[in-house]
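S.K.: Below you will find the structure I want to go over with you.
Number of protein chains: 2
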Amino acid sequence: MATEEERNAEPQKYYQVKTLKKSLDLLEYFTIEHPEWSISELSRASSLYKSNIFNILYTFMLCGYIEKIEGTEKYRLGKKFLDKAHIVHSNLTNFDLIHRALLELARSIPEIIYFGILNNFDVMYIDAAVPENRYITKSVIGMTAPAYCTGIGKALLSACKPEIVDKLLQTKLSPFTPQTITDPAKLKKELIKIRERGYSIDDREHSNNVKCVAIPIFDRNGNLYGAISASGPSSNFSQDVIEKYVDIIQYTARQIQPHL
Amino acid sequence: MATEEERNAEPQKYYQVKTLKKSLDLLEYFTIEHPEWSISELSRASSLYKSNIFNILYTFMLCGYIEKIEGTEKYRLGKKFLDKAHIVHSNLTNFDLIHRALLELARSIPEIIYFGILNNFDVMYIDAAVPENRYITKSVIGMTAPAYCTGIGKALLSACKPEIVDKLLQTKLSPFTPQTITDPAKLKKELIKIRERGYSIDDREHSNNVKCVAIPIFDRNGNLYGAISASGPSSNFSQDVIEKYVDIIQYTARQIQPHL
DNA sequence: GAACAGCGTTCTGAATAATAGAACAAATCA
DNA sequence: TGATTTGTTCTATTATTCAGAACGCTGTTC
């Protein structure tokens, strides 16, 4: 007879390499908010033995995925991730076409222009362009945000496979601002509306005082490719302005889509 | 008595997690030139068993480090690397200061402006800025090139710890163009010269017809922080122009260095 | 259309590798 | 000074890995 533990256990995936899984899970402790960890800290947080963590970090370090910070006993993620990210980035076909499109949009629209794709339930920002006289203070590539409360995210959700949306609607939609849509039924309606009119608006749903308008981009076969947005202070985004931006972005979209 | 195999073997690092090492080594097969691999291809290339690779890729896939390409039996690196690269990137202190500096330089200098750091014997490009009316066609972040034949690389080598240069000089300096410095003694002299005058020139040593001028950047304590370069068609870089660019970049460097 | 060759995937137990836990020196703190 | 806490070394036991066979599928060859 099965013990309680056995019954409660996840179905044993015999084809999962536990050592590897454990090691990769350890990397998740290294976040933007907490990028540096000592062996003892990791040991306490993960309830793995110090010697075990030492071995794993040592191996990651051999391969460049972890670096020891000079002069301290702390570790952080290594530059190898930049190297690998460069390869992932270059896998995205027609990156240069998108990049040029963003730069051109940034000349017509005095707001930050983003390109993003769907990664699970998150938007992942892949590229951005900034108009003259504006700056982006943090790096964009690899930045993520929940899809359900961002302009690009909602544009992507409105155009992606229904299964993904169905699954998302079963998760908790946490509020980021008072404007965040947290009711699944309301979000579903919103996505249908976006699908019909062809663009999404993020009205301070992720950050206070930030508004955003986004349009999904498809490849020549009609498959969802990504989404482009213009994003800035909410005071800049009256309904008139939004419609103007939609026209501009849609014009660009029509130009590049046959080449994707 | 030790067998031949035992004597020839690497000193057994007992604290290296072999399964993890092997798995990470597998990721190295996924390059820009060959980004997509099937299980059988990897099996032949690595001489690991198919079932073994299947397990490893499955586990990487669970964590987002590997993706299966839809409709095919091929795998490639996953978006998790972008996520992690974002964290590595944000670890670089004062990124926004550097970014603004590059943008300003791109307004005074009509060439591509790069910022890079030393990663082993390679330059890793971290950020770039492009003047109006110019484009960068490939993504910059995470891009690497050998240090000994690039402007930023030589600037960094001229200012880094002597041990690193000594080790580099023992490796083979492969030529990329007829201009590449492949003689260790000549490179050593060149680095001394660069150190004395404070800037480096890459005269078509990495790419034909591409010239580049670079200067090292130090933090407020005088530690090497990175290097900034201007890079473009060799015909644009006469000695006069180079000296002008050096002045401009050095002026910017003097402004930001106290804040690094 | 039968035989073959390739693929990804499933399964198992012999053999390997991982790691718990003790022990260490060195640094830090009280 | 003694008490903690740190990273690191070491090894025996145990848990995990993975070689190798087998399977079902797809596409190709004769």
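Heads up: the protein sequence lines correspond to chains H and G, in order. Sequential numbering of the first sequence, starting at 1, is according to this note's numbering. Sequential numbering of the second sequence, starting at 1001, is according to this note's numbering. All C-beta atoms, glycine included, are put in the ideal place defined by N, C-alpha and C.
Kindly indicate if chain H contains any beta-carbon less than 8 Å away from that of G:Glu1010.
M.R.: Low per-residue confidence applies at G:Glu1010: pLDDT is 46, beneath 50, and the placement is therefore not dependable enough to give any value.
S.K.: Looking at G:Gln1016 and H:Leu26, is the spacing between their C-beta atoms short of 8 Å?
M.R.: The answer is no: Cβ separation not under 8 Å.
S.K.: For H:Lys161, which option in H:Phe30, H:Ala145, H:Gly151 and H:Leu191 has the closest C-alpha, if you only look at C-alpha atoms?
M.R.: The residue with the shortest Cα to Cα distance from H:Lys161 is H:Leu191.
S.K.: Is H:Pro258 buried or exposed, if buried means 16 or more other CB atoms sit within 10 Å of its CB?
M.R.: Under this definition H:Pro258 is an exposed residue.
S.K.: Answer with buried or exposed for G:Lys1186, where buried requires no fewer than 16 other C-beta atoms within 10 angstroms of its C-beta.
M.R.: Exposed: under 16 other Cβ atoms inside 10 Å.
S.K.: For the alpha helix (DSSP H) containing G:Val1213, name the first residue and the last one.
M.R.: Taken as a continuous stretch (DSSP letters only), G:Val1213 belongs to no alpha helix (DSSP H), being part of the beta strand (DSSP E) at Val1210 to Phe1218.
S.K.: Mind the definition here: the segment 1021-1035 of chain G touches the segment 33-47 of chain H only if three or more C-beta pairs lie below 8 Å; say whether that holds.
M.R.: Contact between the segment 1021-1035 of chain G and the segment 33-47 of chain H is absent, because fewer than three Cβ pairs lie under 8 Å.
S.K.: Kindly list the residues whose CB is nearer than 6 Å to the CB of H:Leu264, restricted to its own chain and excluding five residues on each side of it in sequence; keep chain order.
M.R.: Past the edges of chain H, shown from 1 to 260, lies residue 264 of chain H, and the structure says nothing about it.
S.K.: Can you tell me where the alpha helix (DSSP H) holding G:Glu1067 begins and where it ends?
M.R.: Element bounds for G:Glu1067: not the alpha helix (DSSP H) but the beta strand (DSSP E), Ile1066 to Lys1068.
S.K.: How about H:Ala101: is its C-beta nearer than 8 Å to some C-beta of chain G?
M.R.: Not an interface residue.
S.K.: Could you compute how far the alpha carbon of G:Gly1116 sits from the alpha carbon of H:Asn55?
M.R.: Taking the straight line from one Cα to the other gives about 31 Å.
S.K.: My output table needs one value for G:Val993: the three-state DSSP class, helix, strand or coil.
M.R.: Nothing about residue 993 of chain G can be reported from this structure: the residues present for chain G run from 1001 to 1260 only.
S.K.: Ignore the nearest five residues each way along the sequence and tell me which others in H:Lys74's own chain have a CB closer than 8 Å to its CB.
M.R.: Closer than 8 Å at the Cβ level, and outside the excluded window around H:Lys74, lie Glu36, Trp37, Ser38 and Lys68.
S.K.: Rounded to whole angstroms, what is the Cα-Cα separation between H:Pro175 and H:Thr182?
M.R.: Each residue's Cα considered, the two are about 6 Å apart.
S.K.: How many whole angstroms separate the CB atoms of G:Ser1108 and G:Ile1248, which I take to be in contact at a CB cut-off of 8 Å?
M.R.: Yes, G:Ser1108 and G:Ile1248 are in contact; Cβ-Cβ is about 5 Å, under 8 Å.
S.K.: What residues in its chain sit with their C-beta under 7 Å from that of G:Ser1231, if we drop five residues either side in the sequence?
M.R.: Counting only Cβ-Cβ distances below 7 Å, and skipping sequence neighbours, we find Glu1111, Ile1112, Tyr1114, Gly1151, Val1210 and Cys1212.
S.K.: Against chain H, with Cβ distances strictly below 8 Å, would G:Glu1163 count as a contact?
M.R.: By this cut-off, G:Glu1163 is not an interface position.
S.K.: Within 10 angstroms of the Cβ of G:Ala1253, are there 16 or more other Cβ atoms? Answer buried if so, exposed if not.
M.R.: By the neighbour-count rule (16 or more Cβ atoms within 10 Å), G:Ala1253 is buried.
S.K.: Is the beta carbon of G:Thr1059 sitting closer than 8 Å to the one on G:Phe1121?
M.R.: Not a contact, by the Cβ cut-off of 8 Å.
S.K.: Using 8 Å as the threshold, is the C-beta distance between H:Ala129 and G:Ile1141 below it?
M.R.: Against a cut-off of 8 Å, the Cβ pair of G:Ile1141 and H:Ala129 comes out as no contact.
S.K.: In whole angstroms, what separates the C-alpha of G:Ile1041 from that of H:Phe81?
M.R.: Per the sequence shown, the amino acid found at residue 1041 of chain G is Glu instead of Ile. Using only the alpha carbons, I get a separation of about 24 Å.
S.K.: Residues of the segment 1128-1160 of chain G with a CB closer than 9 Å to any CB of chain H: list them in chain order, please.
M.R.: Going along the segment 1128-1160 of chain G in chain order, one finds Val1130, Glu1132, Tyr1135, Ile1136, Thr1137, Lys1138, Ser1139, Val1140, Ile1141, Gly1142, Met1143 and Thr1144 with a Cβ nearer than 9 Å to chain H.
S.K.: Which residues, taken in chain order from the segment 1085-1112 of chain G, show a beta carbon closer than 8 Å to some beta carbon of chain H?
M.R.: For the segment 1085-1112 of chain G, which is checked against every Cβ of chain H, the residues closer than 8 Å are Ala1085, His1086, Ile1087, Val1088, His1089, Ser1090, Asn1091, Phe1095, Asp1096, His1099, Arg1100 and Leu1103.
S.K.: According to a CB-to-CB cut-off of less than 9 Å, which residues of the segment 32-43 of chain H neighbour chain G?
M.R.: Against chain G - using a Cβ distance shorter than 9 Å - the residues of the segment 32-43 of chain H are Ile32, Pro35 and Glu36.
S.K.: Can you list, in chain order, the stretches of the alpha helix (DSSP H) that have 4 or more residues and sit fully within the segment 125-205 of chain H?
M.R.: Qualifying alpha helix (DSSP H) stretches, in chain order: 151-159, 162-169 and 184-197.
S.K.: Quick one: grab the DSSP three-state call for G:Pro1035.
M.R.: Reduced to three states, the DSSP call for G:Pro1035 is coil.
S.K.: Tell me the rounded alpha-carbon separation between H:Tyr184 and H:Asn94.
M.R.: A quick correction: the sequence has Pro, not Tyr, at residue 184 of chain H. The straight-line gap from Cα to Cα measures roughly 35 Å.
S.K.: Along chain G, in chain order, which residues have C-beta atoms closer than 9 Å to that of H:Cys63?
M.R.: Neighbours of H:Cys63 on chain G, chain order: Leu1020, Lys1021, Leu1024, Asp1025, Leu1027 and Glu1028.
S.K.: Give me, in chain order, the residues of the same chain whose beta-carbon lies closer than 6 Å to that of H:Cys149; leave out the 5 immediate sequence neighbours on both sides.
M.R.: Once the five neighbours on either side are set aside, the close Cβ partners of H:Cys149 are Phe176, Thr180, Glu205 and His206.
S.K.: How far does the beta strand (DSSP E) with G:Ser1229 in it extend, from its first residue to its last?
M.R.: Leu1224 to Pro1233 is the span of the beta strand (DSSP E), which, as asked, contains G:Ser1229.
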